[in-house]
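Undergrad: Before I ask anything, here is the structure I am working with.
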């Protein structure tokens, strides 16, 4: 059965800093396993396919990499997914971005989480095929895990408030 | 002279650029198409056990991992000299067709659709999947989402995971399908066929009923007379998973038909200094540059070329649509006269969608898919294997060599879009030359028509990273043809 909370870790294990998401998922599963108050899914995917994973949850935390160019590599950014701007031009199958997919899901009545937060690490290397992250991104891992645990706790209590009010 | 570049600027990886070099009088001097490539993947495979590659190569692409899984599995079967069991071949075929059903749906409604449903002159803010939904209605959008979900569920049942399939192993498949799951797959197949019928109606109502769009599809600006490549079965019918590679010339005459293992005798690669991506061409015809015709080794590997390279479809409704397609566009329903209009690729994709849905249903009804004879155990190491499937966006080749322990020593991959690198370049050049004349003001509408020539191929760039926000836009950059100076950055990612 689906847990109301989802930690959705995106990335690719074989591209340097893009490994951050899958590593967070691995650490969470290793440290807490089934006892965690949220389902943890690693997905090397984007766009439409994320709708399938988000549907039916009450709250979701997306863990991913980002390159804003305005922060040092390893910096953790946290923000609601709503602040990302949907893409306006479409050229390939890859063009359905997360915000576009979410907007589409909402318009189509897909049962999306009430809360979708994003935790993204500023990446340094998203080009090199290797199974190691760069040092600053690797060093951000513990802090990211702490954030995830706090997010789960915070949203679990909201979940029980939600249940009480029903 | 000025130049226009179309380039995504928000991400460094996975972006493409179109450079337009424009003379002082506004006419087009030259045009280049550049795409990035996921360089080094072949080297990354070296030193790994061959049987791991069907799972590793799915990381090449977030859009068609299923195609890489299957091509890799076939190559690994060959490395171990083992033929998969009959039941596992049916399962591979079934899941692959279900994947096609979702992928072609996405392209038609979300990627190609905006050009026709919203129109090429619609502002970029409206010319997207949200604009399509606004035009055709939320209910259609829900059907599209449901169709995609069906494909995903079929992949989960057979491929073991909703996100990426993992069950193809040397000699077969690792997961059995239960009777209950078979019943679910049959229902999925039935609903997919109904959805494909509905999509043909949408194509008729929105695209074919609009003379302006039909004229655009048929215009010389979007036409190239190249060779056509596609995988065919023993009856020369389109097949996505298995068979021989058949190539017909621009007049429809068979140029060659070969086993995947012989691909190097037929395909070679040309290199241009401005692009990392190579330009495959037909070896026996030769590279003559970016030109059309029987003397030029340029070929296409797309839904359109697959139809051209075949003698028809193996399922009844798809065959009927195949005949309507050719009768409408060439006057000959046999399909022996190829269609060369690039924008007709969108219609060809719908013919294939119909086939994929019918094939999914037919294979789901086959009771052998619940057999427990899933794997023929590999007992030797041949040391070399080549696997070819049709990815939605073109013929996909995986070629591995191993040592006597099955460890990869060499890998070569020709992905779908790479096949089409030369025709994409030619299509963009021709569209740009047709649209940009002396005194032409370069508008969004003109740039979009140039992009349409490229978008019809459903190209896939080096796309292995998935960092936020998850977009891979394209940028058009206009240069002064004399100085090379950038005078217009026509399309930045909004």
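Chains as they are written, first to last, in this note's numbering: chain A, 300 to 465; chain B, 155 to 648.
Ideal Cβ positions, reconstructed from N, Cα and C, are used throughout, including at glycine.
Less than 6 Å separating the Cβ of residue 217(B) from some heavy atom of the ligand ATP?
TA: As far as ligands go, the structure on display features none, and thus does not contain the ligand ATP.
Undergrad: Let me check understanding here. Comparing Cα to Cα, which of 638(B), 258(B) and 594(B) lies closest to residue 354(B)?
TA: 258(B)
Undergrad: Closest to residue 380(A) by C-alpha separation, out of 453(A), 426(A), 353(A) and 416(A), would be which residue?
TA: 416(A)
Undergrad: May I ask you to list, following chain order, the residues of the stretch 339 to 354 of chain A that have a beta carbon less than 9 Å from some beta carbon of chain B?
TA: 340, 341, 342, 343, 344, 345, 346, 347, 348, 349, 350, 351, 352 and 354
Undergrad: Closest to residue 611(B) by C-alpha separation, out of 357(B), 503(B), 564(B) and 557(B), would be which residue?
TA: 503(B)
Undergrad: I'd like the span of the alpha helix (DSSP H) that includes residue 588(B), first residue to last.
TA: Note, residue 588(B): alpha helix (DSSP H), 575 to 589.
Undergrad: Name the two residues that bound the continuous alpha helix (DSSP H) containing residue 598(B).
TA: 598 to 609
Undergrad: For residue 313(A) and chain B, any beta-carbon pair shorter than 7 Å?
TA: yes
Undergrad: Is there contact here, the stretch 432 to 441 of chain B with the stretch 357 to 369 of chain B, by at least three beta-carbon pairs under 8 Å?
TA: No, they do not touch.
Undergrad: I'd like to know if residue 249(B) contacts chain A, where contact means its C-beta is closer than 7 Å to some C-beta of that chain.
TA: no
Undergrad: DSSP on residue 203(B), reduced to helix/strand/coil?
TA: strand
Undergrad: Excluding the five sequence neighbours on either side, which residues of its own chain have a C-beta within less than 7 Å of the C-beta of residue 477(B), listed in chain order?
TA: 487
Undergrad: Can you confirm whether the stretch 382 to 399 of chain B touches the stretch 445 to 463 of chain B when touching is taken to mean that 3 or more C-beta pairs between the two stretches lie within less than 8 Å?
TA: yes
Undergrad: Just to check my reading of the structure: residue 492(B) and residue 254(B) have Cβ atoms closer than 8 Å, yes? What is that Cβ distance to the nearest angstrom?
TA: That pair is no contact at about 22 Å.
Undergrad: For a contact meaning CB atoms closer than 7 Å, what does residue 409(A) contact in chain B?
TA: 299
Undergrad: Sorted by chain position, which residues of the same chain lie with C-beta nearer than 6 Å to residue 511(B)'s C-beta, five sequence neighbours on each side aside?
TA: 255, 346, 347 and 350
Undergrad: Any beta-carbon of chain B closer than 7 Å to the one on residue 428(A)?
TA: It does: the Cβ of residue 428(A) has a partner Cβ on chain B nearer than 7 Å.
Undergrad: Relative to chain B, which residues along the stretch 436 to 456 of chain A have a C-beta separation below 9 Å, given in chain order?
TA: none
Undergrad: Ignore the nearest five residues each way along the sequence and tell me which others in residue 180(B)'s own chain have a CB closer than 6 Å to its CB.
TA: 592, 593 and 594
Undergrad: Hey, how far is the Cα of residue 562(B) from the Cα of residue 426(A)?
TA: 23 Å
Undergrad: Would you kindly work out how many angstroms separate the C-alpha atoms of residue 432(A) and residue 403(B), rounded to a whole number?
TA: 48 Å
Undergrad: Just to confirm the assignment: which complete alpha helix (DSSP H) runs, minimum length 4, are found wholly within the stretch 284 to 345 of chain B?
TA: 292 to 313
Undergrad: Do the stretch 224 to 240 of chain B and the stretch 548 to 566 of chain B meet, that is, are 3 or more Cβ pairs less than 8 Å apart?
TA: yes
Undergrad: So is residue 359(B) buried or exposed if we call it buried at 16+ other beta carbons inside 10 Å?
TA: exposed
Undergrad: For residue 435(A), which residues from the same chain have a beta carbon less than 6 Å from its beta carbon, with the 5 sequence-adjacent residues on both sides left out?
TA: 372 and 373
Undergrad: Is any beta-carbon of chain B found at less than 7 Å from that of residue 308(A)?
TA: no
Undergrad: Pull up the distance between the alpha-carbon of residue 261(B) and that of residue 239(B), whole angstroms please.
TA: 33 Å
Undergrad: What in chain B is Cβ-close to residue 275(A), meaning under 7 Å?
TA: Nothing about residue 275(A) can be read from this structure; chain A reaches only from 300 to 465.
Undergrad: Taking only beta-carbon atoms, is residue 360(A) less than 7 Å away from chain B?
TA: no
Undergrad: Can you tell which of 197(B), 268(B), 299(B) and 273(B) has its C-alpha closest to the C-alpha of residue 284(B)?
TA: 268(B)
Undergrad: Counting only Cβ-Cβ distances shorter than 7 Å, please list the residues of the stretch 289 to 321 of chain B near chain A, keeping chain order.
TA: 292, 295, 296, 299, 302, 303, 306, 316, 317 and 318
Undergrad: Just checking: is the beta-carbon of residue 253(B) within a distance shorter than 7 Å of some beta-carbon in chain A?
TA: It does not; no Cβ of chain A falls within 7 Å.
Undergrad: Under 7 Å between beta-carbons, which chain A residues line up against residue 194(B)? List them in chain order, please.
TA: 428
Undergrad: Going by beta carbon distance, what residues of the same chain come within less than 7 Å of residue 274(B), once the five residues before and after it are set aside?
TA: If we look at residue 274(B) and ignore the five residues flanking it on each side, its Cβ neighbours are 599, 602, 603 and 606.
Undergrad: If you drop the 5 nearest sequence neighbours on each side, which residues of the same chain put their C-beta closer than 7 Å to that of residue 290(B)?
TA: Within the same chain, residue 290(B) has close Cβ partners 271.
Undergrad: Pair every Cβ in the stretch 291 to 299 of chain B with every Cβ in the stretch 194 to 206 of chain B, then say whether three or more of these pairs are closer than 8 Å.
TA: no
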